[in-house]
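Q: Top to bottom, those sequences are chains A and B.
So for the first sequence, the UniProt record's numbering puts the first residue at 1; every next one is plus one.
So for the second sequence, the UniProt record's numbering puts the first residue at 1; every next one is plus one.
Number of protein chains: 2
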Amino acid sequence: MEQGRREGADAGPTVGQLGETRLIGRFAPLLRPGPAEPASPYELLGPGDDCAVVAAPDGRFVISTDTQVQGQDFELHWPSGAESTGFDTGHKCATQNLADAAAMGAVPSSLVVSLALPPATPVRWVEDFARGLRAGVLACGATSCGIVGGDLSASREISVTATVTGDLQGRRPVRRNGAEPGDLVVLAGTVGRAAAGLDLLLSTDYVPGRDAVLDELAGCQLRPVSPVGLGPALARAGATAMIDVSDGLLRDLTRMAEASGIDVALDPQALAELAKPLAAAGRLLVRDPLYWVLNGGEDHGLLSTVPSHVQLPEGVRPLGSVLASPPGQEGAQAGPLGGSDREPAPDRIRIGTTPVHELPARVRGRGWDHFESQEGF
Amino acid sequence: MEQGRREGADAGPTVGQLGETRLIGRFAPLLRPGPAEPASPYELLGPGDDCAVVAAPDGRFVISTDTQVQGQDFELHWPSGAESTGFDTGHKCATQNLADAAAMGAVPSSLVVSLALPPATPVRWVEDFARGLRAGVLACGATSCGIVGGDLSASREISVTATVTGDLQGRRPVRRNGAEPGDLVVLAGTVGRAAAGLDLLLSTDYVPGRDAVLDELAGCQLRPVSPVGLGPALARAGATAMIDVSDGLLRDLTRMAEASGIDVALDPQALAELAKPLAAAGRLLVRDPLYWVLNGGEDHGLLSTVPSHVQLPEGVRPLGSVLASPPGQEGAQAGPLGGSDREPAPDRIRIGTTPVHELPARVRGRGWDHFESQEGF
């Protein structure tokens, strides 16, 4: 029995039956720290007024926003038979947002969250969402981040938007455009697991609850955990560039390479290590695990470049090295707004000595044109 | 011809046809200040990285988030025949959020915006949204507020979430719970116009473009303007409490009264003045205009209490006075989270000497139980 984490006919009252004021009365307290948890040192004024008040000790803060939509970014019912809970959606919402602050080298200071809900949504789903959001904050190690406010609206599909702020602690923000030839390319956390988990959840060949290794990969899709503390740690260590891997290693590394005007050589052995835990899923689904490593996002690992002499923080692994670009391609190709009227090309990256476009199709991925990208601006 | 502000068969490419990267490339530049407009002094790093960086000169910031959903908070096509544009939705999005910062006495410093869009949405709608968002920022006088980032997602209905931050400029935040017996109740901006405009738009008796007075009221619903600068002005003048009127004068004043543990007497003459501009709409729709004044939100006026000796900033009008509560009712009834498990009752307010529950039903409103409230937490 997974009482309290599964919707169904016995799921109790719906959002429309309860009404907004009572719903807020049930939802908002679940976002607060439990009796054994410390309060956020950043939260100067919590929910209950038109705005919360958050501390910004160094006179600045970082900010980013991110949306998940039912049927696009998460499913309630998967072809494999797995069920997503409100807890999962809340957990993922926390991770996605916290990773954006961490990728600037900031310590997350606050989250605000807005839920758009069909009136038929079980109140239990919403309560589970709140519990999952808090659990995600804690799982990512963002213990000083307060959940300081929110909004509830009626809609026809579930849509979740959170905004995160973060404290740079006096450091300069780590941008995408600072990678230098000679730097190491490093990864905090992992890549490919959430994507393998997604393909498992989407497959009727995967039966949840039978194989712990596969279940763990599915869990990485449902409840990813970003190594949020390693963002500030990399910044302190002298990171020259950083990005949250939300759309896949090749795609996000290309963004960094274009912004920095550099090329990158990835180490085939390091990629093979990342592919190892995906082997069982690859056998079941008849896929090359390297595909997930190169193209899978949503683990919210932190991809960074650091000077080669740097002592890497624990939990950070080398993936390759930054090369100078051929003459004429040094400049940033992406506009300052992160978008351009053309799609980025993966030409700036090679695996060992093989350019990405010469890789076999089974590992290269389907391209860069899907509207379902996780990338904000 | 309203080229560029109306969707239709000739509306050009859709969001799904363009793809996300190109869509961001068209959308994001429209959020930036034009060549003749000053850049936001708060924007230290704009879009293009995982987060923007915003200044918080006094070491704190206020933050709030707000969602609008198509079919709930706005319509594309109205029964009256009027059409809502992306421009309107963007404008309203800006106003709703800026008013929350202003109601704390803060100067808005940044907005981030997330759009969830069906693939069939015309790109022109999205471009119009961006223009409307900027126009709303300027119309509200929030010229120092930067639009610093965002997110685009696919969905089945249009949903728009913005998060605003604001600068308290060294002042204490103006909360809801500080009203004192003897204070004046004052209003910056207006109430009732947007609600009259909503009822016009919903009625087939209203024909857009025939009567400038009615068209102006419809415009107040489609593109409300909050007197954002008067929030900090009231704070400087010594405001003891403040709230953004998003759900109606009675409802939002009740929230303030419950949080402050006070009662309020509204001046019937001041309410009659607010009803005057609604007379023509009342005649057409056979409604008592006082209904809109008492129950209509979405103008995003700022309701405040100030000590009685205070010189009111220009644009702020007296509405009534704060009374002591009868013994036993002084304490705040709403929880610290802005929500409770019971609905607020309007017993703390009288019009002259008449308690609200003794008003005729035609002006008293339908109650407090709709899930469509604009209230966050």
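Note that the Cβ used here is the ideal one computed from N, Cα and C, for glycine as well.
If you're wondering where the values come from, they're calculated on a predicted model, not measured in any experiment.
Name the two residues that bound the continuous beta strand (DSSP E) containing A/E358.
A: Locating residue 358 of chain A in the first sequence gives position 358, counting from the first residue. Run containing A/E358: none; DSSP gives neither H nor E here.
Q: Express the C-alpha separation of B/G48 and A/S340 in angstroms, rounding to a whole number.
A: For this step, residue 340 of chain A is matched to residue 340 along the first sequence. For this step, residue 48 of chain B is matched to residue 48 along the second sequence. Low local confidence applies: a pLDDT of 43 at A/S340 is under 50, so the model's placement there is unreliable, and no value is given.
Q: Is the separation between the beta-carbon of B/C145 and that of B/S226 shorter than 7 Å?
A: The residue you call residue 145 of chain B lines up with position 145 of the second sequence. The residue you call residue 226 of chain B lines up with position 226 of the second sequence. Result no, Cβ atoms of B/C145 and B/S226 do not sit closer than 7 Å.
Q: Over the uninterrupted alpha helix (DSSP H) stretch that includes A/S260, give me the two end residues.
A: For the purposes of this step, residue 260 of chain A is taken as the residue at position 260 of the first sequence. It spans 249–260 - the alpha helix (DSSP H) in which A/S260 sits, taken as one unbroken run.
Q: Per DSSP, what kind of secondary structure is A/G90 in: helix, strand or coil?
A: In the first sequence, the residue the question calls residue 90 of chain A occupies position 90. Looking at A/G90 - three-state DSSP - the assignment turns out to be helix.
Q: Quick one, which of B/M242, B/A142, B/S203 has its alpha-carbon nearest B/A82's?
A: As a working mapping, residue 82 of chain B is identified with position 82 in the second sequence. Checked all of B/M242, B/A142, B/S203; the closest Cα to B/A82 is B/S203.
Q: Spatial neighbours of B/A28 within its chain, please: C-beta separation below 7 Å, excluding the five flanking residues on both sides.
A: Here residue 28 of chain B is taken as the residue at index 28 of the second sequence, counted from 1. Hits under 7 Å: P47.
Q: Which residues mark the beginning and the end of the beta strand (DSSP E) in which A/L314 is found?
A: Taking the first residue of the first sequence as 1, we reach residue 314 of chain A at position 314. Before going further, note that residue 314 of chain A is Glu rather than Leu in the sequence given. Premise fails: A/E314 is in no beta strand (DSSP E) and is neither H nor E.
Q: Let me make sure I understand the geometry here. Which of B/T67, B/Q70, B/P118 has the alpha-carbon closest to that of A/G71?
A: Position 71 of the first sequence, counted from the first residue, corresponds to residue 71 of chain A. Out of B/T67, B/Q70, B/P118, B/P118 has the C-alpha closest to the C-alpha of A/G71.
Q: In chain B, what lies closer than 8 Å to A/T165 by C-beta?
A: Position 165 of the first sequence, counted from the start, is the residue given in the question as residue 165 of chain A. Those within 8 Å of A/T165 in chain B are F61, I63, T165.
Q: When the Cα atoms are used, what is the spatial distance from B/D267 to B/P232?
A: Position 267 of the second sequence holds residue 267 of chain B. Position 232 of the second sequence holds residue 232 of chain B. Note on geometry: alpha-carbon atoms of B/D267 and B/P232 lie some 25 Å from one another.
Q: Who are the near neighbours of A/A142 in its chain, counting only those whose CB is closer than 6 Å to its CB and skipping five residues on each side?
A: As a position in the first sequence, residue 142 of chain A is number 142, starting the count at 1. Answer for A/A142: L98, P108, V228, listed in chain order.
Q: Which class does B/D263 belong to by DSSP, given the choice of helix, strand or coil?
A: For the purposes of this step, residue 263 of chain B is identified with residue 263 of the second sequence, where counting begins at 1. Residue state, collapsed to three classes: strand.
Q: Measuring only between beta-carbons, confirm whether B/I24 sits less than 7 Å from chain A.
A: In the second sequence, counting from the first residue as 1, residue 24 of chain B sits at position 24. So, interface residue.
Q: Does any CB atom of chain B fall closer than 7 Å to the CB of A/G149?
A: As a first step, residue 149 of chain A is located in the first sequence; it is residue number 149 there, counting from the start. Chain B contact via Cβ: present.
Q: So the candidates are A/A218, A/R32, A/A56, A/E258; which of them puts its Cα closest to the Cα of A/S80?
A: Against the first sequence, residue 80 of chain A aligns to sequence position 80. Of the listed residues, the one whose Cα sits closest to A/S80 is A/A218.
Q: With DSSP as the reference, label B/T165 as helix, strand or coil.
A: Indexing the second sequence from 1 puts residue 165 of chain B at position 165. Here B/T165 sits in strand by DSSP.
Q: So with Cβ pairs under 7 Å, would you call A/M104 a contact of chain B?
A: Numbered from 1 along the first sequence, position 104 holds the residue referred to as residue 104 of chain A. So yes, A/M104 belongs to the interface.
Q: What first and last residue would you give for the beta strand (DSSP E) that runs through B/I349?
A: Position 349 of the second sequence, counting from 1, holds the residue named residue 349 of chain B. Here the beta strand (DSSP E) through B/I349 covers 349–351.
Q: Measure from the alpha carbon of B/G315 to the alpha carbon of each residue in B/P360, B/Q17, B/G189, then state which is nearest.
A: Here the question's residue 315 of chain B lines up with position 315 in the second sequence. Ranking B/P360, B/Q17, B/G189 by Cα distance to B/G315 puts B/G189 first.
Q: Would you mind telling me which residues of chain B sit closer than 8 Å to A/G136, beta carbon to beta carbon, in chain order?
A: Residue numbering aside, residue 136 of chain A sits at position 136 when the first sequence is read from its first letter. None at all; the shortest Cβ gap to chain B is about 18 Å.
Q: So, using beta-carbon positions, are A/L111 and B/R60 closer together than 7 Å?
A: Translated into positions along the first sequence, residue 111 of chain A becomes position 111. Translated into positions along the second sequence, residue 60 of chain B becomes position 60. Going by C-beta atoms, A/L111 is not nearer than 7 Å to B/R60.
Q: Using DSSP with H/G/I as helix, E/B as strand and the rest coil, what is B/Q70?
A: Residue mapping note: residue 70 of chain B aligns to position 70 of the second sequence, counting from 1. Strand at B/Q70.
Q: What would DSSP say about B/E75, mapped onto helix, strand or coil?
A: As a first step, residue 75 of chain B must be located in the second sequence, where it is residue number 75. In this structure, B/E75 counts as coil in the three-state DSSP scheme.
Q: Kindly say whether B/F377, judged by its beta-carbon, lies nearer than 7 Å to any beta-carbon of chain A.
A: Stepping through the second sequence from its first residue, residue 377 of chain B is reached at position 377. Yes - at least one Cβ of chain A is within 7 Å of the one on B/F377.
Q: With distances taken Cα to Cα, identify the nearest neighbour of B/R134 among B/W125, B/Q169, B/A281, B/C93.
A: Here residue 134 of chain B corresponds to residue number 134 of the second sequence, with the count starting at 1. Out of B/W125, B/Q169, B/A281, B/C93, B/C93 has the C-alpha closest to the C-alpha of B/R134.
Q: Taking buried to mean at least 16 other C-beta atoms within 10 Å of its own C-beta, is A/G338 buried or exposed?
A: Stepping through the first sequence from its first residue, residue 338 of chain A is reached at position 338. With a pLDDT of 42 at A/G338, under the threshold of 50, the predicted position of this residue should be treated as unreliable, though the coordinate-derived value follows. A/G338 is buried by the Cβ-count criterion.
Q: How should A/V15 be labelled, buried or exposed, when 16 other C-beta atoms within 10 angstroms of its C-beta is the threshold for buried?
A: Here residue 15 of chain A corresponds to residue number 15 of the first sequence, with the count starting at 1. The residue in question, A/V15, is buried, as its Cβ has 16 or more Cβ neighbours within 10 Å.
Q: Going by C-alpha distance, which of B/V126, B/R193, B/L312 is nearest B/P13?
A: Walking along the second sequence from the start, residue 13 of chain B turns up at place 13. Among B/V126, B/R193, B/L312, the Cα nearest to that of B/P13 belongs to B/V126.
Q: Can you tell me the Cα-Cα spacing of B/G352 and B/A265, whole angstroms?
A: Locating residue 352 of chain B in the second sequence gives position 352, where the first residue counts as 1. Locating residue 265 of chain B in the second sequence gives position 265, where the first residue counts as 1. B/G352 and B/A265: Cα-Cα distance of roughly 6 Å.
Q: Indicate the three-state DSSP secondary structure (helix, strand or coil) for A/I24 in the structure shown.
A: Residue mapping note: residue 24 of chain A aligns to position 24 of the first sequence, counting from 1. The answer is helix: DSSP assigns A/I24 an H, G or I state.
Q: Can you tell me where the beta strand (DSSP E) with A/P108 in it begins and where it stops?
A: Taking the first residue of the first sequence as position 1, residue 108 of chain A is located at position 108. Looking at the DSSP string, the run of the beta strand (DSSP E) that includes A/P108 is 107–117.
Q: At 8 Å on the CB atoms, spell out the chain A contacts of B/L44, in chain order.
A: In the second sequence, counting from the first residue as 1, residue 44 of chain B sits at position 44. Within 8 Å Cβ-Cβ: R60.
Q: Taking the straight line between their C-alpha atoms, what separation do you get for A/I169 and A/A106?
A: For the purposes of this step, residue 169 of chain A is taken as residue 169 along the first sequence, with counting starting at 1. For the purposes of this step, residue 106 of chain A is taken as residue 106 along the first sequence, with counting starting at 1. The amino acid at residue 169 of chain A is misidentified as Ile; the sequence shows Gln. Taking the straight line from one Cα to the other gives about 7 Å.
Q: For A/P47, which of helix, strand or coil comes out of DSSP?
A: Start at 1 with the first residue of the first sequence, and residue 47 of chain A comes out as number 47. Looking at A/P47 - three-state DSSP - the assignment turns out to be coil, as it is neither helix nor strand.
Q: Along the beta strand (DSSP E) that carries A/L278, what are the first and last residues, could you check?
A: Counting from 1 along the first sequence, the entry for residue 278 of chain A is found at position 278. For A/L278, there is no enclosing beta strand (DSSP E), as DSSP marks it with neither H nor E.
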